[in-house]
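Going by our numbering, the first residue of the sequence shown is number 65, and it counts up by one from there.
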Amino acid sequence: MSEEFNNIFIPREEDFSHTSFDREIAFYESICSGNMELVRIFMKPLFCEGCGLLSEDPLRNLKYHIVVLAAMIARYCIKGGMSPEEAYSMSDFYIMKTDKSNTEAEIRSIHIEMIEGYTKKMRRIKNDGIFSKQIIRATNYIMSNINNRILLQNVAEHLKLSPAYLSRLFRQETGTTFSEYVNRLKIEEATTLLIHTEFTDLEISNMLAYSSQSYFIKIFRKFTGTTPKKYRSGYYIL
65 MSEEFNNIFI
75 PREEDFSHTS
85 FDREIAFYES
95 ICSGNMELVR
105 IFMKPLFCEG
115 CGLLSEDPLR
125 NLKYHIVVLA
135 AMIARYCIKG
145 GMSPEEAYSM
155 SDFYIMKTDK
165 SNTEAEIRSI
175 HIEMIEGYTK
185 KMRRIKNDGI
195 FSKQIIRATN
205 YIMSNINNRI
215 LLQNVAEHLK
225 LSPAYLSRLF
235 RQETGTTFSE
245 YVNRLKIEEA
255 TTLLIHTEFT
265 DLEISNMLAY
275 SSQSYFIKIF
285 RKFTGTTPKK
295 YRSGYYIL
């Protein structure tokens, strides 16, 4: 389990405490999309304020919540393209692992491991059979660094390929340029944040590592046909 995933409950979560049904749906859909960054934003602690109490015993209560969550994630992932056999097999694995746990810390660790496991698997499912291994590795790198500035040179170095070759391969397999692909993913994340959170245009621009708010708005308009503010006014969900 990655160390950075242990830090997903970041301070910005305190800025918006809405636990609406729509936000819960956004959490499950972020898992199905394979987008770990969105998962980090929409994920809640295993048991928190507003969650139903399923048992007066704290340890058993957490175990019950794992069972419910595993069942929900499995069903969403099946809808997203995972085979029922694999989805339920993963669910059974995490539930059995939880059943053998003796401490709350162990269960909370399994909670994160399960969500991370399903998200990574869904990312692979989205890419398998569509792209070559090199492009899959490139897209995985992009998704893992979506909140950073992503340059063709950096990805090429990571894959030990020449930038020119990676650029040609990207256009050949995805039908778009490297920069367009990166910006499209960033704007997809931006639209989700605009709909389901209270982050401002500037905050989202900074989160996605755009050089300026004005440039972010320019790219947003290119892919959506409107500005972030107008997009939010038409779709914002609390």
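C-beta atoms are modelled at their ideal positions from N, C-alpha and C, and glycine is treated no differently.
Item: Between the CA atoms of ALA228 and ASP86 - distance to the nearest angstrom; Value: 42 Å
Item: Three-state secondary structure assigned by DSSP to LYS282; Value: helix
Item: Through-space distance from ASN209 to LEU225, alpha-carbon basis; Value: 18 Å
Item: Under 9 Å between C-beta atoms of GLU262 and LEU102; Value: no
Item: Residue ranges of each beta strand (DSSP E) within the stretch 152 to 181, 3 or longer; Value: none
Item: Neighbour-count burial assignment, ILE95, 16 or more Cβ in a 10 Å radius; Value: buried
Item: Backbone secondary structure at ILE210 - three-state DSSP; Value: coil
Item: DSSP-derived helix/strand/coil call for GLU221; Value: helix
Item: With 16 other Cβ atoms within 10 Å as the buried cut-off, status of ASN212; Value: exposed
Item: Distance between ILE206 and THR255 (C-alpha atoms, nearest Å); Value: 18 Å
Item: Sequence-distant residues of the same chain with beta carbon closer than 7 Å to PHE80, five excluded per side; Value: With a pLDDT of 40 at PHE80, under the threshold of 50, the predicted position of this residue should be treated as unreliable, and no value is reported.
Item: DSSP-derived helix/strand/coil call for ASP86; Value: helix
Item: Proximity of ASN204 and ARG187 at Cβ, strictly below 9 Å; Value: yes
Item: Residues near LEU110 in its chain [Cβ-Cβ closer than 8 Å; skip 5 each side]; Value: LEU126, HIS129, ILE130, LEU133, ILE171, ARG172 and HIS175
Item: Three or more C-beta pairs below 8 Å linking the stretch 236 to 244 and the stretch 273 to 285; Value: no
Item: Rounded distance between the beta-carbons of ALA135 and SER155, thought under 8 Å; Value: 6 Å
Item: Nearest candidate by alpha-carbon position, reference ILE268, set PHE287, ARG248 and PRO292; Value: PRO292
Item: Segment limits, alpha helix (DSSP H) that includes ILE135; Value: Residue 135 is actually Ala in this sequence, not Ile. Here the alpha helix (DSSP H) through ALA135 covers 122 to 143.
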